[in-house]
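S.K.: FYI, the numbering for the sequence shown is 1108 to 1444, going by the working numbering.
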Amino acid sequence: MHRRAPCPTIKASSFVRYAHAPVSPLPDDPEALEADAYSAFDKGDLQRAARAFDALLGIEPESADFHYMQGLTQKYLRNWARSLHHNQRALSLGSEPNDAATWNAGIAATALRHWREARRHWRNAGIDVADCDEPINHHYGNVSIRLNPDSCAETVFAERIDVVRARLLNVPLPESGHRFGDIVLHDGARTGERQWGDSRVPVFNALSRLHVSEYRTFVVFVRAATLRDVDALLHAIAPGIGMVEDWTTSIRHYCMRCSYGTPHTHESSGASPWQPERNLGIAAVDLASVEDLLKQWIHGSPDRHFDGLANRDCELPEPTAATPWWRGPDDGEIETA
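1) Hey, how far is the Cα of Asp1206 from the Cα of Glu1384?
2) Quick one, which of His1318, Ser1170 and Val1326 has its alpha-carbon nearest Ala1417's?
3) Using 10 angstroms around the beta-carbon of Asn1244, count the other beta-carbons present and answer buried if the total reaches 16, otherwise exposed.
4) For Arg1419, which residues in the same chain have their Cβ closer than 6 Å to its Cβ, ignoring the five residues on either side in sequence?
5) Compute the distance between the beta-carbons of His1285 and Leu1275, then report whether it is under 8 Å.
6) Going by CA-CA distance only, name the one from Asp1289, Leu1198 and Gln1177 that's closest to Ile1268.
7) Can you tell me the Cβ-Cβ gap for Tyr1183 and Leu1153, rounded? I've got them flagged as a contact below 8 Å.
8) Check whether the stretch 1348-1358 and the stretch 1424-1434 touch, using three or more Cβ-Cβ pairs below 8 Å as the test.
9) From the DSSP output, read off the bridge partner residues of Gln1302.
10) Buried or exposed: which applies to Thr1262, given that a residue is buried once 16 or more other Cβ atoms fall within 10 Å of its Cβ?
11) Decide if the stretch 1231-1244 is in contact with the stretch 1296-1311; the criterion is three or more beta carbon pairs, one per stretch, under 8 Å apart.
12) With a cut-off of 8 Å on the beta carbons, I'd call Val1278 and Met1350 a contact; round off their distance for me.
13) Could you check where the beta strand (DSSP E) with Leu1254 kicks off and where it finishes?
14) Ordered along the chain, which non-local residues of its own chain (more than five positions away) have a Cβ less than 7 Å from that of Asn1211?
15) Grab me the residues of Asn1249's own chain with a C-beta within less than 8 Å of its C-beta, minus the 5 sequence neighbours each way, in chain order.
16) Nearest to Arg1521 by alpha carbon, out of Asp1353, Pro1409 and Arg1316?
17) Label His1406 either buried or exposed according to how many other C-beta atoms from any shown protein chain fall within 10 Å of its C-beta, with 16 as the threshold for buried.
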């Protein structure tokens, strides 16, 4: 599913565990072992890939390539200390600059909040940041973030406040486990594009949540006679309210082609009539704030009605399958039809 740009107005670094069949032994032959390692990674079997690359490093401990691949594997497993270690080893052992290892080391250092180390890698990647122990807090533009890409993926818009950190600007569905205002760590490789106003912004996969927002997510059902009635609620300013989003219009279910940034023409049944029943997502600090907002809104017109309200605080979902979810359109592996 996909979101429109918002109206202008912890399991943070847990090791990912995938469900697997019983562990099968690795090949003894080094050549077969290497083939097995890369094959497991390409299939998304990260646990097996990690075991195989460990075995290969036991044979060739000074291999920059194997350290890089283990660092990459550990990144997608969200095992940040190991990812940082292996990417640093790949950089120290490599005979040539490795931009991918530099970025992955910066991502892992950011996840660990090793700010000076992260800044060092960003400078090596050609990004102008100061040498200090503070987190980066700068506007790097707006992006789209694919939350939980290895399970029930949902894309939302976000403000990029760091090279690989972004603050969510939409109200995510409760099932995502995320909240409006969460700060997430995202990957460095784009996996598509989304329309933002008159321009297009890159899509990045979220890797981890670094900060949980104070705003909880409330699902609200109302009836509104006109668009003006809904707009009055969307743009209302009230204590304890972070954002009101009309999910009736902002959520779009995309086919795979559209989801990965290659929109195409779908058959249309023509313009839809106005829908009085609206489904809203409201980011608020507590229930009382939502109730006060709705009372104020209803008082403004007899054509405004409140039908129901619910709050669901969900955990971040577990990965649903071992698949190479990190691949984007440039990898040539995404099914587009």
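Think of the CB as a built atom: it goes at the ideal place given N, C-alpha and C, for glycine as much as any other residue.
M.R.: Looking at the coordinates:
1) Taking the sequence shown and counting its residues from 1, the one referred to as residue 1206 is at position 99. Taking the sequence shown and counting its residues from 1, the one referred to as residue 1384 is at position 277. C-alpha separation (whole angstroms): 50 Å.
2) Mapped onto the sequence shown, residue 1417 falls at position 310. Closest option to Ala1417, Cα to Cα, is Val1326.
3) Counted from its first residue, the sequence shown places residue 1244 at position 137. Its Cβ having fewer than 16 others within 10 Å, Asn1244 is exposed.
4) Counting from 1 along the sequence shown, the entry for residue 1419 is found at position 312. Taking C-beta separations shorter than 6 Å and ignoring five residues to either side along the sequence, the partners of Arg1419 in its chain run Pro1281, following chain order.
5) Residue numbering aside, residue 1285 sits at position 178 when the sequence shown is read from its first letter. Residue numbering aside, residue 1275 sits at position 168 when the sequence shown is read from its first letter. In this structure, Leu1275 lies closer than 8 Å to His1285 by Cβ.
6) Along the sequence shown, one-based indexing puts residue 1268 at 161. Checked all of Asp1289, Leu1198 and Gln1177; the closest Cα to Ile1268 is Asp1289.
7) The residue given as residue 1183 occupies position 76 in the sequence shown. The residue given as residue 1153 occupies position 46 in the sequence shown. Right, the Cβ-Cβ distance comes to about 6 Å (below 8 Å), so this counts as a contact.
8) No, the stretch 1348-1358 is not in contact with the stretch 1424-1434.
9) Taking the sequence shown and counting its residues from 1, one reaches residue 1302 at position 195. Answer is Arg1307, bridged to Gln1302.
10) Numbered from 1 along the sequence shown, position 155 holds the residue referred to as residue 1262. The residue in question, Thr1262, is buried, as its Cβ has 16 or more Cβ neighbours within 10 Å.
11) no
12) One-based indexing of the sequence shown puts residue 1278 at position 171. One-based indexing of the sequence shown puts residue 1350 at position 243. Right, the Cβ-Cβ distance comes to about 6 Å (below 8 Å), so this counts as a contact.
13) Translated into the one-based positions of the sequence shown, residue 1254 becomes position 147. From DSSP, the beta strand (DSSP E) with Leu1254 extends over Asn1249 to Leu1254.
14) Against the sequence shown, residue 1211 aligns to sequence position 104. Excluding sequence positions up to five before and after Asn1211, its CB lies within less than 7 Å of the CB of Gly1178, Leu1179, Lys1182, Ser1190 and Asn1194, all in the same chain and listed in chain order.
15) Sequence index remark: in the sequence shown, residue 1249 carries index 142 (1-based). So the list reads Ala1112, Phe1264, Ala1265, Glu1266, Arg1267, Leu1276, Trp1303 and Val1308, once near-sequence residues are dropped.
16) With the chain covering 1108 to 1444 only, the question about residue 1521 has no answer from this structure.
17) Against the sequence shown, residue 1406 aligns to sequence position 299. Here His1406 is exposed. Its C-beta has fewer than 16 other C-beta atoms within 10 Å.
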